[in-house]
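K.L.:
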Amino acid sequence: MARIGVFVCWCGSNIAGTVDVEKVREEAAKIPGVVSALDYKYMCSDPGQNSLRNIIKEKNLTGIVLAACSPHMHENTFRKAAAKEGLNPYFVEIANIREQVSWVHEDKERATAKAVDLMKMMVEKVKRDKPIEDVRVPLNKKALVIGGGIAGIQAALDIANGGVEVILVEKEPSIGGKMIQLDETFPTLDCSSCIMTPKMVEANQHPNIKLYTYSEVEDISGYIGNFKVKIKKKARSVVEKDCTGCGECWNACPMHKNIKSEFNVNLSERTAIYVPFPQAVPLVPVLDRSVCLHFKKGGKCQKCYDACGPKCINFDLQDEIIEETVGAIVASTGYDLMDTSMYGEYGYGKYKDVISGLQFERILSASGPTEGVIKRPSDGKTPQTIVFVQCVGSRDPEKGVPYCSKVCCMYTAKHAKLFAHKVHGSQSYVFYIDIRSTSKGYEEFVRSTMEQDGAIYLRGRVSKIYEDEGKLIVKGADTLSGNQVEIAADMVVLATGVIPKKGSDKLAQMLGISYDKYGFFTESHPKLRPAESSTAGIFLAGMAQGPRDIPESVVSGSAAASKILGLFSKNEYEVEGTIAGVNEATCVACFYCQRVCAYNAISRKEIKDRSGKLVKVVANVNPGLCTGCGACVNACFSKSIDVKGFMDDQIYAEIKALAI
Amino acid sequence: MEDKDVKKESQNHTDVKIESGNSGDPRIIAFVCNWCTYSGADLAGTSRMKYSDNVRVIKLPCTGRIDPLFIVEAFKKGAKGVLVSGCHPGDCHYTSGNYHSRRKYATFRDLLGYLGVDLDRVEFSWVSASEGNKWVSIINEFTDKIKSLPGKSTDIFTKK
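Sequence order for the protein chains is B and U. Read left to right, the first sequence gives residues 1 to 660 (the numbering used here). Read left to right, the second sequence gives residues 1001 to 1160 (the numbering used here).
#1: Check the Cβ of L118 (chain B) against every Cβ in chain U and list those closer than 9 Å, keeping chain order.
#2: Helix, strand or coil: how does DSSP classify Y680 (chain B) here?
#3: Let me know if A657 (chain B) comes out buried or exposed under the rule of 16 or more other beta-carbons within 10 Å of its beta-carbon.
#4: Quick check on E552 (chain B): does DSSP put it in helix, strand or coil?
#5: Compare the C-beta of G1081 (chain U) with all C-beta atoms of chain B and state if any pair is closer than 8 Å.
#6: Does T1045 (chain U) come within less than 8 Å of chain B when only Cβ atoms are used?
#7: Quick one, are the C-beta atoms of I220 (chain B) and M510 (chain B) less than 8 Å apart?
#8: With a threshold of 8 Å between beta-carbons, can L658 (chain B) be considered close to chain U, or not?
#9: Quick one, which of B:L139, B:G48, B:F277, B:N314 has its alpha-carbon nearest A235 (chain B)'s?
#10: On the criterion of 16 or more Cβ atoms from any shown chain inside 10 Å, does S1148 (chain U) qualify as buried, or is it exposed?
#11: Does the beta-carbon distance from K1077 (chain U) to A156 (chain B) come in below 8 Å?
#12: Is F637 (chain B) buried or exposed, if buried means 16 or more other CB atoms sit within 10 Å of its CB?
#13: Give the straight-line distance between the Cα atoms of T689 (chain B) and Y212 (chain B), rounded to the nearest whole angstrom.
#14: Are I602 (chain B) and V575 (chain B) close, meaning C-beta to C-beta below 8 Å?
#15: For L358 (chain B), which of helix, strand or coil comes out of DSSP?
#16: Can you grab the Cα-Cα spacing for the pair S463 (chain B) / T449 (chain B), in whole Å?
#17: Closer than 7 Å by beta-carbon distance: list the chain U residues that pair up with A598 (chain B), in chain order.
#18: With respect to the alpha helix (DSSP H) encompassing K300 (chain B), which residues constitute its N-terminal and C-terminal limits?
#19: What's the C-alpha gap between Q484 (chain B) and R461 (chain B)?
#20: Let me know if K381 (chain B) comes out buried or exposed under the rule of 16 or more other beta-carbons within 10 Å of its beta-carbon.
#21: Can you look up I159 (chain B) in the DSSP assignment and give me helix, strand or coil?
#22: Can you tell me which residues form a DSSP beta bridge with Q427 (chain B)?
#23: How should C11 (chain B) be labelled, buried or exposed, when 16 other C-beta atoms within 10 angstroms of its C-beta is the threshold for buried?
#24: Who are the Cβ neighbours of F78 (chain B) in its own chain at under 6 Å, not counting the five residues just before and after it?
#25: If you draw a straight line from the alpha carbon of S45 (chain B) to that of E124 (chain B), how long is it in whole angstroms?
#26: Given a cut-off of 8 Å, decide if T385 (chain B) and A495 (chain B) are closer than it, judged by their beta-carbon atoms.
#27: Within the 8 Å Cβ cut-off, does Y1051 (chain U) reach chain B?
#28: List the endpoints of the continuous beta strand (DSSP E) containing F227 (chain B).
#29: Would you mind stating whether Y1105 (chain U) and V1072 (chain U) have Cβ atoms separated by less than 8 Å?
#30: Using only CA atoms, which one of B:G17, B:P207, B:Y592, B:A307 lies nearest to C632 (chain B)?
#31: Under three-state DSSP, which class holds P500 (chain B)?
#32: Counting contacts by CB-CB distance shorter than 8 Å, is P1150 (chain U) in contact with chain B?
#33: Helix, strand or coil, according to DSSP, for R1056 (chain U) in the structure here?
#34: Taking DSSP as the reference, what is the three-state secondary structure of I175 (chain B)?
#35: Would you mind working out which of U:G1090, U:E1131, U:Y1051 sits nearest S524 (chain B), comparing C-alpha positions?
#36: For W1126 (chain U), name the three-state secondary structure that DSSP assigns.
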C-alpha cells in the first residue's frame, strides 16, 4: 500500500509569494495514497529535513514528494535525508514549483493551479517508483596507456608511481613520440632529447610499467573496471631479452640505401634492420620485413644474423597476441602532420629545399642527418636566407582545416631564433596570419626573435614559391604595408598543420569513445571533464584531443593519471542505479536496442537449461556501461526494456495526472 | 491505494474519457530532456523571466527516451499542444539520443497527421542549458499559436 508524504516548501517568499502553498498542501491531502501533507518555510533547512525524517518514520512512508525548488538544486539533499530513515533514496520525487512556477509566473491563482498539477504528477510518479540500488562494479587495478609519446609516458609514470601497474603500448619500435624528434623546445630552449630521454628510460625501467613497443591494440571489450585488451606484438625478428643493442646487425645490413628514415622524416636513410634513433627505448632493433633481403630473396641474406654476437636474430618470429585485463585506459595516440600536397604552389616534394617544420627540427638536431649543422637538402650548402611560412593547412577551411594548430607560431619563432644563432649574419622571414603566443614566456620569446635575432615578420600569405637560378623565389603579400613582396630564399620551411594520428578514428570506435569531425577524441565535457572520454573508465591525454604544446600534454597526461589513481583508490566503482533493465521473459532478441545504444552497453546473453541446452537468447544490459539515457526503451518493439526511474507506466501516470 | 490498483489504473489509462478543454486556456505538455532543456527552463526561472503558464513540463533523461506514444497519450488526455525539446545537435549528454529523437519525430509527424492531429500542435525544438530566453520565447510563441488554432483538431482522441 502506497503511503506518500507531500512536503510543500515556501522557500521563504520565493515560492509562497506567488503560489498558495496551503492550497497545494490541501490538494495533496486529497490524493488517494497521500497519508501526510505538510508545508514549511524552508524544507532544505535542518528543521525542515528533520520534520521530513520524523514523518517518514512516524507514518512509515513509502515515498515522498517535495514541491520545492528544482531537482537540480536539492534532490540529493532530500534523497540523503530519506536514506537516513531507511527509505530507498529513489523514492523521492521533486515537483519543481520554484524555477518553473513561482519565479516565472505572476498570477497567483494560475501559478497555484500549475503547482498543484506538478505536485500531482510527482505523486503519481512516486507511487510507481521501484527501489533502485546503485550498482557496484569491481575494479581490476591495472591501467593501459595507448601511445608512448610525452603525454602517454607522463600518464604511465604518474600511475606507476602511484603504485598501480601500467601497460604502455607503442606502435613504433621506440617510445618517445614526436617530442623526441624535436631539437630544442620553446620558450626555454632546453634540448628535447635531454629532457625526454630520462623519462623514456624511467618508463622502461619502472617496476610497475610493462612496455610493449612495436605493438598495437588489436581489440578491446568490456567496461570500466574490466576491459579485456588484445595487444598485437608485431614480430621484431629480434629476441628482445637477449639483444644488447650493440649495433653489429645494422652495421652489417647491406640495405643501407633507398630506405628513408621515418625518424628523420625522409632526410636520411636507414637499414632494413634498424633502431629509429640512437637513444631508442628499448634499444632493440626491428627488422623491417618489407625491405629485408632475407624475406625478399628467399632467405639468402643473413648478414645480420652472422654478425650478431648473442645470436638473438630470429627470422621465424611471429606476431604475438597478448591478452590483458585492465580497469582503466588512457588514449594518448598523438598526432600527425598534414599532407601538404594540396599546396602545389609551395612546391613541397618538388623542390628539395622546401621542407616541413619537423624536417627542420631534424636538421637542427645534433643527432639528426646533418648533425645539427644547418645544411639544405639539395646541395648541403648552409642557407643564408630562410623563409618560414606559417599556417600551411591550419586556419584554412578551403584547403586544409579551419582550426589553429597552436604550436606553429611558437616553433617557427624558435626555428628563426636557432637559425640566427647557428648561422651568423643570416636572415629569416616569417609569413604569418596572427601570432598566437599566449603561455608563460611565449610572447617575450617571439618578441626577442624579432627584436634581438632580427627575424622579419610579414603579415600575409604566400601565394607562390618557385625556383630560379638556385634560389627559391617566395611571392607573398605584406598586408600591413599593403605591398606585394618577393624574397629570394635558400630554403623554405612550411609550418604544416596538426591532424589526429592516422587510425585514431578506428581506435575510438574500438574503444567506444567519441571523436570530432577531424578525428580528435572528444572530452566528456570540454570545460569540466577535460581528461575523461564519453565512456566511463577511458581517459584522454595529449594531442589526440587536439593541438597542444608539450607542457599542456604533460598536464593532460598527469590529469588522466590522477583520475585513474582516484578511481582505483576504491575497490569498487559505483554507478547510479537509474539504468536500463531487460525483461528476459518477453525479450525477443531482435537487438534493436543494441543498435541505438551509444555506449556498447547491450550484449547477447544466452539462457541455458540445466543440461546446458540453449533455451533462448536475450539482450543484456551491462551496468558498468549503461548511462540510463533510455534510447533502447524506445527502440524495443516488445516493450521488454525499461529505464529505472523513468519507467513507461510512470510517464503515462504523469500524463494522466494532467488530464483536463 | 493498493499497488494492484495502481497497476490496474495504469493499464486502463487508455479508456479514460476526457472532456474537450477550453481552447482559450489550452493545456500544453512539454517533454524535455534533463540536461539541456530542463536546465534551460530552470535558468529562465533563476533569471526571473516571465512566460505563459499553460505549459506543464515532463522531465525525461533524454529526448531519446521520449516514446512517440507519450505524445499521442498527451493529446488523448486533453493536451492542445505538445512540445518536445532537448539538447542541440552535437550537444546530447548521451552522445546521440537527440538524433534518435529527431529521426523518430520526422517519421512520427506523418503518423500524427494521419491520426487527425493538426501538426501545428506539435513542436520540436532545441533549447540548451544556457538558453533560458529561448525557452521563454518558444513557450510564449507556441502558446499563442495554440490559442489561435481552431479548437476541435484533437477530437480524434476524445470521440469514443
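Glycine included, C-beta positions come from ideal geometry on N, C-alpha and C. Bear in mind that the values here come from a model prediction, so they are computed numbers and not experimental data.
P.N.:
For this structure:
#1: R1056, V1057
#2: Chain B is shown only over 1 to 660; residue 680 (chain B) falls outside these bounds and no answer can be derived.
#3: buried
#4: helix
#5: no
#6: According to the sequence displayed, residue 1045 (chain U) carries Gly and not Thr. Yes, contact with chain B.
#7: yes
#8: yes
#9: B:N314
#10: exposed
#11: no
#12: exposed
#13: Outside the modelled stretch of chain B, which goes from 1 to 660, sits residue 689 (chain B), for which no answer is possible.
#14: no
#15: helix
#16: 25 Å
#17: Y1094, T1095, S1096
#18: Premise fails: K300 (chain B) is in no alpha helix (DSSP H) and is neither H nor E.
#19: 10 Å
#20: exposed
#21: helix
#22: B:T385
#23: buried
#24: L66, V92
#25: 26 Å
#26: no
#27: yes
#28: 226–233
#29: no
#30: B:Y592
#31: strand
#32: no
#33: strand
#34: coil
#35: U:G1090
#36: strand
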